[in-house]
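A quick write-up on the structure given underneath.
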Amino acid sequence: MLTLEFHSHTRASKDSLTRPADLIKAARRKGLDRLVITDHNSIAGALEAQAIDRELVIVGEEIMTTKGEILAAFVREEIPAFLSPQETICRLKEQGAFISVSHPFDELRAGGWKEYDLLEIIPFVDAIEVYNSRCMLPRFNRRAREFAVKHHLAGTVGSDAHAAFEVGRSVLLLDQFTGPKEMREAIRGAKFRVKWSPWWFHLTSRYASIIRKIKS
Numbered sequence: 070m071l072t073l074e075f076h077s078h079t080r081a082s083k084d085s086l087t088r089p090a091d092l093i094k095a096a097r098r099k100g101l102d103r104l105v106i107t108d109h110n111s112i113a114g115a116l117e118a119q120a121i122d123r124e125l126v127i128v129g130e131e132i133m134t135t136k137g138e139i140l141a142a143f144v145r146e147e148i149p150a151f152l153s154p155q156e157t158i159c160r161l162k163e164q165g166a167f168i169s170v171s172h173p174f175d176e177l178r179a180g181g182w183k184e185y186d187l188l189e190i191i192p193f194v195d196a197i198e199v200y201n202s203r204c205m206l207p208r209f210n211r212r213a214r215e216f217a218v219k220h221h222l223a224g225t226v227g228s229d230a231h232a233a234f235e236v237g238r239s240v241l242l243l244d245q246f247t248g249p250k251e252m253r254e255a256i257r258g259a260k261f262r263v264k265w266s267p268w269w270f271h272l273t274s275r276y277a278s279i280i281r282k283i284k285s
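Per my numbering, numbering through the sequence shown is continuous, rising by one, with the last residue being 285.
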């Protein structure tokens with residue numbers, strides 16, 4: 070059984086100051102086998118991390134579309150923000166990437182989805198995120214889980230770690246895989262180990278954003 074975290078951020082994200090090396094160190098210390106790094110609209114930090122530890126790191130990206138955020142793994146070419154969901158998914162499929170949807174029903178984030186927009190894309194994605202540690206209200210995750218069950222979708226979970234100490238709070242336990250095709254098969258049998266992150270974890274993101282504004 071392989072332990073995978075699907076949702077971490079490096080300093081390439083505007084709301085994280087965590088260095089790739091720090092994420093890797095935390096992941097190894099906590100016994101993770103794979104770490105999908107998904108900075109906002111960038112793969113620079115993930116590539117830097119993969120250069121340090123190719124066995125551990127899978128390059129991903131959290132992409133803001135015109136309707137909500139897409140969460141992808143095995144990304145080879147960076148996808149720009151604010152394309153339509155359909156265009157974003159098309160570009161990811163051309164790369165063979167694994168495609169999920171970030172915190173789909175989180176009403177407190179800009180990247181949340183309206184259900185009618187989500188219904189348009191679910192035939193073309195591999196999974197949706199059914200638990201995100203940083204969702205402030207339990208009903209956001211509960212609604213995502215209910216939606217996945219209703220529509221027979223595979224689920225991903227993620228710590229949404231913006232700091233190294235958050236790594237490993239929510240992980241997937243699944244069979245071994247080597248690439249996106251095998252991941253699509255393994256994800257159906259995945260088990261979840263999840264833990265909610267309290268509100269004060271979000272202060273790390275606010276601090277990072279303030280520091281970046283000061284430095285810019």
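Ideal Cβ placement from N, Cα and C applies to all residues, glycine included. Note that the coordinates shown come from a computational prediction; the quantities given were computed from them, not determined experimentally.
- In this structure, DSSP gives Met205 a state outside helix and strand, which the three-state scheme calls coil.
- Collapsing the DSSP output to three states places Thr225 in a strand.
- Put simply, of Lys260, Glu124, Thr247 and Phe246 the residue whose alpha carbon is nearest the alpha carbon of Ala223 is Lys260.
- Contact between Gly237 and Ala96 holds: their C-beta atoms lie close to 7 Å from each other, under 8 Å.
- Here the region 193-202 makes contact with the region 158-178; the two share three or more CB pairs at distances below 8 Å.
- One thing to note: Lys250 has its Cβ within 9 Å of the Cβ of Gly165.
- As the crow flies, the alpha-carbon of Ala255 is around 15 Å from that of Val194.
- Judged by DSSP in its simplified three-state form, Ala213 adopts helix.
- The beta-bridge partner set that DSSP reports for Ile197 consists of Gly224.
- Rounded to whole angstroms, the Cβ separation of Pro89 and Glu117 is 5 Å, and the two are in contact under 8 Å.
- By DSSP's assignment, Arg262 forms a beta bridge with Val240.
- If you check the CB distance, Val240 and Leu92 do not come in under 9 Å.
- When DSSP states are grouped into helix, strand and coil, Val170 belongs to the strand group.
- Contact between Leu177 and Met205 holds: their C-beta atoms lie close to 6 Å from each other, under 8 Å.
- Annotation: Pro267 to Thr225 spans about 20 Å, alpha carbon to alpha carbon.
- A distance of 9 Å or more separates the beta carbons of Ser77 and His109.
- With contacts defined by Cβ atoms closer than 9 Å, Gly227 and Trp182 do not form a contacting pair.
- Contact annotation: Leu104 and Ile132 have beta-carbon atoms that are not nearer than 9 Å.
- By the criterion of a C-beta distance shorter than 8 Å, Gly180 is surrounded in its chain by Glu131, Met133, Gly137, Glu138, Ser171 and His172, once the five residues flanking it on both sides are discounted.
- Burial check for Arg262: the Cβ neighbour count within 10 Å stays below 16, so the residue is exposed.
- Across the set Gly248, Thr247, Lys264 and Leu242, the C-alpha of Leu242 shows the shortest separation from the C-alpha of Arg257.
- Closest in C-alpha terms to Ala217, from the list Ala230, Arg208, Ala232 and Ile191, comes Ile191.
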